[in-house]
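Novice:
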Amino acid sequence: MITVTESAQNELTKYFADKDVQPIRVHLADGGCAGPRLSLALDELRDGDKSFDQGDFTFLINEELAQASGAVSIDMTPYGFQVSSENEMGGGGCGCSSCGTGSCGC
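For what it's worth, this note's numbering labels the leading residue of the sequence shown as 278, then goes sequentially.
1) What does the Cβ neighbour count give for L319, buried or exposed, with the cut at 16 atoms within 10 Å?
2) What number of angstroms, rounded off, separates the C-alpha of Y292 from the C-alpha of F334?
3) I believe V349 touches I279 by the beta-carbon criterion, under 8 Å. Please report the beta-carbon distance rounded to the nearest angstrom.
4) Which of the three DSSP states is assigned to A348 in this structure?
5) From D352, S346, V298, N364, pick the residue whose C-alpha is nearest to that of S284; which is it?
6) DSSP three-state label for K327, please.
7) Kindly indicate which residue of L337, V360, Q331, N339 has the alpha-carbon position closest to the one of T290.
8) Less than 8 Å between C-beta atoms, sequence neighbours within five positions excluded: which residues of the same chain meet that for D307?
9) Give me the residue from L317, S362, S361, E341 with the minimum Cα distance to D324.
10) Please name the residue, chosen from L317, V303, C310, N287, that lies closest to K327 on a Cα-to-Cα basis.
11) So is L305 buried or exposed if we call it buried at 16+ other beta carbons inside 10 Å?
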């Protein structure tokens, strides 16, 4: 299940005001040293996707990712969209000895 806060829906409405509304994919993006994180991208429905309508928008997520993430929530912060899940999705660090030095040159 995907829930979208009112502030996130308002921001999406502003974004699509002069554009054709497209499906929005929740996907796992590379997070660098912080590990993978959930993110948003415009996309089309693919085989193996689940589709959720929230207000005027359609959100897509791969079925396997949906099972791994559990419930997903999308909010708007001063820094942009924040996509969080019921289950931990991040790797939490690069796992190499250079991280202890403050540099993550894995």
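We put the CB at the ideal spot given by N, CA and C, even for glycine.
Specialist: Quick answer:
1) exposed
2) 12 Å
3) In this structure V349 touches I279 by the C-beta definition: roughly 5 Å separates them, less than 8 Å.
4) A348 carries a coil assignment under DSSP once its states are collapsed to helix, strand and coil.
5) D352
6) Strand at K327.
7) Q331
8) P313
9) The closest CA to that of D324, considering only L317, S362, S361, E341, is found on E341.
10) The shortest Cα separation from K327 among L317, V303, C310, N287 belongs to V303.
11) Per the 10 Å Cβ criterion, buried.
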